[in-house]
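These notes are about the structure you will find just below.
In full-length UniProt numbering, the protein residues as written are 1 to 518.
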């Protein structure tokens, strides 16, 4: 099946990566991109498909390069980064762009700067600041206009292999501040949809806390909302060691379950399939906003929306095409996402499942259908994701194939009971408590499975189930995934080589005939 969007996305992504590696002047690159576009158009008019494809590839590569360089570096003269570091305290007025993260006595939040007072003068500014506020200065929320006072500085250096400066820069943040004074000037600004989503999130968390004890309530908030703030470090470590940490990230399973529920309800109401598909999209988008628009849920929502749209226009679209288009859309608006762990884990896992599952399913024909399918998906996911886990977390949870087989059905039940609890709480909290009690039992089983397979009481079994790898070069990752492509797609590569050679022969033959004619 022809999948040009996958190639387009890969070329664009490669350009973004080279944009980080190479520091080239923007003007020559911009002029080269424009020139290549003109040449592509001219060769298209002359029906030279081979040259059109070649120049289009270079254009996509340079477009990715420009997209990264333009969005990564603060270019404007009024950017707040141009004022840092400061030796004296400054005052800044701005919008709280993200709900504060509470960490003990401290609250961290992102401030979109609007004005600055420095050395007695006022200036209009732009750009984001990472603000740390303490004790009584924490009383702010998303959408508040606040006035903060403190010293601006550049983000700190790397610690234990983690680059704080790079982490912030990928969010477009080049400055941080410890606020010594803060005052809320106005409330209720910002995006209305985000404000309502935060209110809904607070309500959901309140219902969960009132119907379930700790740590079950914290675990359910992690599974349903992606909120891990109240989960103990020990419990999070157990999920990582068993290869099930992904359940604490809102992703495709959550979006798929919500979509299934919506389509079922619309069917009961007697709506047509196409109208059901159309009406399902807004709730999916709202849930993505509610859970923080993190990359996994954004990817899943985009894929679901694109899939529903293909059904609306009666077109059968391959999942790899939908995945490639979702990646392209995210990178187009947020090219820095490609360097985040969540983006890489999410897309590599789903891509691996789509590409490897058919091959593994063939090898597991002897098993019962359901078990063979589930095992093929679990193995495909682990083959795809283990190198990235080893690279970023220096560990390989080998037990993950088994644990994911066991917890997969449990997560579906937990999510279904969780959403049912929330729906019934609108009628009566006592009725909702019945569903919550059932969910408590399933959550308890999940906790027992993770505790058992983490082998926390046995160092020997713990090392066997999740061995440490140490750090290694990114070239090892490149070699691994290149080998994976060759092994599982050898036939397709041979076919591609055949078409390339055939195209070269046809171009050569056309040139010979042209010379004879002259």
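In this text, a Cβ means the ideal position worked out from N, Cα and C, and glycines have one as well.
CB of residue 357 within 9 Å of CB of residue 380, strictly = yes
Starting from residue 90, trace the beta strand (DSSP E) both ways and give me its first and last residue.
-> 90-96
With 16 as the cutoff for other CB atoms within 10 Å, does residue 62 come out buried or exposed?
-> buried
Span of the alpha helix (DSSP H) around residue 32 | Per DSSP, the continuous alpha helix (DSSP H) segment holding residue 32 begins and ends at 26-45.
DSSP three-state assignment for residue 419, whether helix, strand or coil | helix
Pairwise C-alpha distance: residue 18 and residue 36 = 18 Å
When the Cβ atoms of the segment 343-355 are set against those of the segment 292-310, are three or more pairs found closer than 8 Å?
-> Contact between the segment 343-355 and the segment 292-310 is established, with three or more Cβ pairs separated by less than 8 Å.
Nearest CA to the CA of residue 188: which residue from 73, 96, 346 and 41?
-> 96
Helix, strand or coil at residue 142 [DSSP, three-state] = coil
Can you tell me which of the three DSSP states residue 178 falls into?
-> In the three-state reduction of the DSSP assignment, residue 178 falls in the strand class, which pools E and B.
Between residue 259 and residue 278, is the Cβ-Cβ spacing less than 9 Å?
-> no
Using three-state DSSP, classify residue 305 as helix, strand or coil.
-> helix
Go ahead and label residue 359 buried or exposed: buried means 16 or more other beta carbons lie within 10 angstroms of its beta carbon, across all protein chains shown.
-> exposed
In three-state terms, what does DSSP make of residue 365?
-> coil
If you draw a straight line from the C-alpha of residue 525 to the C-alpha of residue 340, how long is it?
-> Absent from the model: residue 525. The displayed extent of the chain is 1 to 518, so no value can be given.
Pairwise C-alpha distance: residue 292 and residue 227 = Rounded to whole angstroms, residue 227 and residue 292 show a C-alpha spacing of 9 Å.
With DSSP collapsed to three states, give me the class of residue 104.
-> If DSSP states are grouped into helix, strand and coil, residue 104 belongs with coil.
Would you kindly work out how many angstroms separate the C-alpha atoms of residue 364 and residue 4, rounded to a whole number?
-> 31 Å
Kindly indicate which three-state DSSP category residue 113 falls into: helix, strand or coil?
-> strand
With 16 as the cutoff for other CB atoms within 10 Å, does residue 27 come out buried or exposed?
-> exposed
Exposure of residue 366, with buried meaning 16 or more beta-carbon neighbours within 10 Å = exposed
Report the three-state DSSP secondary structure of residue 320 (helix, strand or coil).
-> helix
Measure the CB-CB distance between residue 263 and residue 411 and report whether it falls below 9 Å.
-> no
Ends of the beta strand (DSSP E) at residue 170?
-> Where residue 170 is concerned, there is no enclosing beta strand (DSSP E), given that its DSSP letter is neither H nor E.
CB residue 110 to CB residue 171, shorter than 9 Å?
-> Yes, they are a contact pair.
Of the listed residues 94, 148 and 152, nearest to residue 124 (C-alpha basis) | Nearest of 94, 148 and 152 to residue 124, Cα basis: 94.
With a threshold of 16 other CB atoms inside 10 Å of the CB of residue 392, please say whether the residue is buried or exposed.
-> Looking at its Cβ environment, which holds fewer than 16 other Cβ atoms inside 10 Å, residue 392 is exposed.
With DSSP run on the structure shown, which of helix, strand or coil describes residue 313?
-> coil
Residue-chain proximity (residue 473, chain D), Cβ-Cβ < 9 Å = Given the protein chain composition of this structure (a single chain), no chain D is represented.
Please classify residue 360: does DSSP put it in a helix, a strand, or coil?
-> In the three-state reduction of the DSSP assignment, residue 360 falls in the helix class.
For residue 131, the first and last residue of its enclosing beta strand (DSSP E) = 128-134
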